[in-house]
Amino acid sequence: MTDLMPPAPSVEHLTTIFRRISKGDIRIPAFQRRLVWNEGQVISLLESVYRGFPIGSILLWSVRTEVLREARFEYELFPVTQPSFPTHYVLDGLQRLSSLYGVFQFNVSTSDPRLDIMFNVRDRIFLHTATMDLLDKPYCIPVSALLDPREMLRHQAQLLRLPQGDELVDRLIELQSSFQDYMVPIVTISRTDIPAVVEIFERINNTGTRLDTVDFMRAVTWSNDFDLNGRLDEVNDKLEEINFSLSEQALIKLLGIELNKEPLPDDLLTLRDENSKRLNDSVSLLFERLCLVAAYFKSRLNIYSSEYVPYEGQLLVIYKAVKAANNDMGKLPDTLISWYWAVGFNESLRGKPDHYVARAVRSIDDLLAGKVRGVEPRLDLKAINLLERRFIQGKALSASVAGLFAHAGAKSLFTGVTIPVESYMTEFSGFHFQSILPRADIEESLEQAHPSSKIIANVFLADNFMPVKNDGLIELLNAQAPNEEALGSQFLDSECVAMIRSGRFREFLERRAELMISAAARLIARG
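For the sequence shown, position 129 (counting from the first letter as 1) is numbered 129 according to our numbering, and the numbering increases by one without interruption.
Right, here's the structure in full:
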């Protein structure tokens with residue numbers, strides 16, 4: 001019957017909520033973030049309470065057993081107490097709750113310097129201690145003193161010695177009353193099924209930090225024989241050695257695929273039902289298979305780092321393909337490579353929801369046959385995209401363009417020597433890719449402002465041993481053109497050089513964009 005109970009709304013005095021926190025009846029689960037608010041946000045919240053404005057509801061989850069691990073922070077937000085059940089986890093409203101509690105418990109339960117807030121009773125304003133003027137000090141009362149009777153008496157006595165002391169004391173008592181009388185809406189859910197709790201949260205919390213299913217999984221307690229976080233840390237430590245570390249979100253989804261689950265919230269949450277032996281064995285298989293995937297990226301895609309894999313979905317699909325082939329890398333079709341590059345150049349997975357990616361993972365055969373709409377292995381890139389978009393670290397199109405240089409065996413425009421792929425595909429850095437034309441020429445030729453000269457059609461792969469500064473390449477091209485082979489390896493030709501020499505910069509950029517697109521089309525067709 002418990003699972004059928006709707007959320008229970010209530011209204012509680014702020015001081016009652018503080019007592020519940022102090023007793024350990026309200027606790028912080030591990031998926032919650034540390035306090036990220038700054039002093040200004042904390043003060044704004046205090047002002048809202050002081051003026052009687054609503055600050056929103058707090059969402060709690062009532063549990064009778066230890067369902068979630070608890071968070072630990074550099075500055076503890078709530079007192080560290082031995083858990084007793086039933087208890088309540090904060091699902092939504094932690095920033096507000098921890099700010100209020102922390103201000104009133106400053107130097108008691110927390111020492112976070114952001115929460116050292118004062119109230120100037122003369123000017124009736126909140127301020128941070130660090131901004132307090134020495135002349136105002138006699139009028140400034142720590143907010144933490146408001147709920148401490150002895151401290152209140154001490155500060156009242158001090159205020160009475162000041163001019164208009166009676167009025168100042170009245171203001172202090174008014175301030176105290178505003179917090180003692182303030183009531184906060186509390187919504188408590190008592191369901192025991194985790195998927196339902198996640199869904200309730202997602203429906204209620206339309207703003208702020210969205211509760212991620214993977215974060216929830218990291219927080220739930222597992223068996224004594226399986227520690228999800230510990231095992232994933234082990235995997236990532238090993239992956240770092242081969243320059244292929246992944247996010248925890250990606251690892252959990254990959255673990256789900258390893259256990260024949262879909263990379264979707266409801267399916268991933270069922271991992272907790274698996275026995276510890278199967279989970280531990282699957283994590284070991286996950287690492288072994290990821291090593292094969294990393295080797296595949298290096299040998300077939302010239303990608304030496306996970307930094308160059310822009311979409312999690314690309315990784316999930318290739319992992320599923322390797323699993324389906326039972327680790328026989330020779331069985332992986334060339335269309336998988338075509339699909340990978342098409343998704344990157346077309347930015348096909350940008351902003352796509354989980355179920356979209358799950359469908360791609362589920363339908364490997366249809367995907368590679370071009371039957372899954374929106375992610376077909378064909379090029380939709382247009383020249384205008386390369387004229388308008390900047391080369392930015394971490395972006396899908398930029399990562400794909402970097403791969404284009406790697407597959408072309410890019411040679412130094414200064415020496416004609418092939419630039420080793422591992423020298424620039426091991427770390428995604430803009431340093432490796434420099435501008436041909438300066439920004440002023442870009443803006444004049446395209447007749448629009450640009451924040452950077454690194455639009456994609458204008459970048460070239462710089463020789464690590466001869467970093468380009470100022471107009472070094474332009475001077476070289478004006479003096480003597482590199483050989484055709486070196487030019488071609490960087491998607492340039494004699495026509496491009498002639499356009500640069502004659503100042504026809506827009507024509508040059510358009511010509512360069514077309515050469516890049518032709519190379520991308522060949523890469524996708526070749527697979």
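C-beta atoms are modelled at their ideal positions from N, C-alpha and C, and glycine is treated no differently.
- A direct Cα-to-Cα measurement between Arg20 and Glu70 gives close to 16 Å.
- The beta-bridge partner set that DSSP reports for Gln434 consists of Phe460.
- Cβ contact annotation for Leu476 (same chain, cutoff 8 Å, sequence separation greater than five): Leu413, Phe414, Pro482, in chain order.
- Sixteen is the threshold: since fewer than 16 other Cβ atoms of the shown chains lie within 10 Å of the Cβ of Val11, the residue is exposed.
- At a Cβ-Cβ threshold of 8 Å, Ala324 and Ile524 do not count as neighbours.
- When rounded, the separation of the alpha-carbon atoms in Arg72 and Glu167 is 43 Å.
- The beta carbons of Pro138 and Leu162 sit about 6 Å from each other, so the pair counts as a contact at 8 Å.
- Residue nearest to Leu134 within the set Asn120, Ser144, Leu146 is Asn120 (criterion: CA-CA distance).
- Across the structure, Gln32 and Leu379 are spaced so that their CA atoms are roughly 41 Å apart.
- Excluding the 5 residues flanking it on each side, Glu274 has same chain C-beta neighbours closer than 7 Å at Leu259, in chain order.
- Shown here, Tyr311 sits in coil according to DSSP, grouped into three states, outside any helix or strand.
- Taking 8 Å as the cut-off, the beta carbon of Ser348 is found no closer than this to the beta carbon of Thr426.
- Judged by DSSP in its simplified three-state form, Glu427 adopts coil rather than helix or strand.
- Between the alpha carbons of Leu264 and Ile26 lies a distance of about 30 Å.
- Assignment of Ala8 by DSSP, reduced to helix, strand and coil, places it in the strand class.
- Counting along the chain, Trp339 sits inside no beta strand (DSSP E); it lies in the alpha helix (DSSP H) bounded by residues 334 to 346.
- Beta-bridge annotation (DSSP): Tyr101 is not paired with any residue.
- Under the three-state reduction of DSSP output, Ile303 falls in the coil class, being neither helix nor strand.
- For Ala457, same chain residues with a beta-carbon under 6 Å away, outside a window of 5 residues either side, are Leu386, Leu387, Leu509, Arg512, Ala513 in chain order.
- As DSSP reads the structure, Asn326 sits in no beta bridge.
- The beta carbon of Gln156 lies closer than 6 Å to those of Val169 in the same chain, with the five residues before and after it left out.
- With 16 or more neighbouring CB atoms inside 10 Å of its own CB, Pro29 falls in the buried class.
- The continuous stretches of alpha helix (DSSP H) do not include Val80, and DSSP gives it neither H nor E.
- Contact check for Val42 against Ser99 passes: the beta carbons are separated by less than 8 Å.
- An exposed status is given to Leu153, since fewer than 16 other beta-carbon atoms sit within 10 Å of its beta-carbon.
- When the alpha-carbon of Val184 is set against those of Leu228, Asn229, Ser178, Pro54, the nearest one is in Pro54.
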